[in-house]
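First residue of the sequence shown: 996, per the working numbering; consecutive thereafter.
Even glycine gets a Cβ: it sits at the ideal position worked out from N, Cα and C.
Okay, structure first, notes after.
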Amino acid sequence: ISYGIGAAPFVAMMQGLHSVKDSYRGRVVALQCAPTFDDIAAFQSRQGDLNAWDQCSIHYASKVTAETFLEIAPNSLDHVDIIVNGPKDFVTAVAKVYVAAGGRKLIRVYGFDNPRHRR
């Protein structure tokens, strides 16, 4: 789950997984958040083969809600690893919504400044 430019490292990570797709057994679900879709359109256009990869789905939302988690999670939230990148307030909001949706696992925060964050 990323906010704005925070999508950049996730797109790179997904492209890396795509490069080993024949041996990768997982599923990647990305949620790119921004005030408008236009704010992240550049990341959408750089996804290339990711859009055709059946083990990957990429979604957009202006904000994260409990309903969003439940709609895009491939199965139960019990089997999902959450990685978040964005401003501190966004990360805090995602953590709260994740718990409200029933999430119990620790959220991993990826940041350009590598902040320590606990939910």
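Inset, instruction - Can you check DSSP and say which residues form a bridge with Ala1056? - result: Cys1028
Inset, instruction - Take Phe1025 as the anchor and find which of Asp1073, Val1059 and Pro1082 has the nearest alpha-carbon. - result: Inspection of the sequence shows that residue 1025 is occupied by Ala rather than by Phe. Here the closest residue by C-alpha is Val1059.
Inset, instruction - Tell me whether Val1092 sits in a helix, a strand or coil according to DSSP, three-state version. - result: helix
Inset, instruction - Thinking Ala1002 and Gln1027 are a contact (beta carbons under 8 Å), I'd like their distance in whole angstroms, please. - result: 5 Å
Legend entry - Asp1070, DSSP secondary structure in three states: The identity of residue 1070 in the sequence shown is Asn, whereas the question assumes Asp. Looking at Asn1070 - three-state DSSP - the assignment turns out to be coil, as it is neither helix nor strand.
Legend entry - Ile1102 - DSSP class collapsed to helix/strand/coil: coil
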